[in-house]
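In the numbering used here, the protein residues as written are 11 to 193.
Glycine included, C-beta positions come from ideal geometry on N, C-alpha and C.
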């Protein structure tokens with residue numbers, strides 16, 4: 011039974027929801043879905059994310075299914091983040107997902123950064139070689155300009171990746187922050 015309130019979730023509740031990988035993976039999967047998912051579909055996606063295997067091992071999928079059905083989805087439903095129909099085994103996001111999206115980062119449209127960098131480097135190499143061979147489209151600029159442009163683009167991409175995944179660049183950290191020493 012979902013909470014019928016428009017009051018935002020408290021920060022402590024948000025952190026409690028997001029501290030569990032399986033809940034986080036489930037919410038990510040639901041954010042990437044159109045409408046409702048069956049618990050089976052959701053368990054499949056969560057297990058695949060946990061193991062990195064598609065399809066995930068049957069045992070891992072069953073484990074994800076049971077914990078989603080018995081623990082995680084009822085908790086998320088109670089907080090009003092999802093609507094969970096336990097009888098029909100269907101789940102969908104509710105409006106309160108907006109309260110925690112800022113804490114979750116980019117929706118589940120993960121970019122494969124490795125493939126992106128390889129593609130960008132290959133495109134840069136092709137443009138540089140094509141300019142050196144005076145290919146019609148790229149000969150407007152010299153090979154050096156193409157090489158520098160793609161090198162800069164690779165560097166900017168690394169900055170974007172770092173800030174989207176970590177929320178900041180390493181050199182922006184406070185050197186006097188001793189919270190890391192507590193753990």
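Query, Result
"Tell me residue 94's beta-bridge partners as DSSP assigns them.", "101"
"Would you call the segment 31-42 in contact with the segment 67-85, where contact means no fewer than 3 C-beta pairs closer than 8 Å?", "yes"
"Would residue 55 be called buried (16 or more neighbouring beta carbons within 10 Å of its own) or exposed?", "buried"
"Leaving out five residues on either side along the sequence, give the residues of the same chain with a beta carbon under 6 Å from the beta carbon of residue 74.", "53, 56 and 57"
"Between the Cα of residue 166 and those of 97, 65, 130 and 125, spot the shortest distance and give me the residue it belongs to.", "130"
"Identify the continuous alpha helix (DSSP H) that holds residue 151 and give its terminal residues.", "Premise fails: residue 151 is in no alpha helix (DSSP H) and is neither H nor E."
"So what's residue 144 in DSSP terms, helix, strand or just coil?", "coil"
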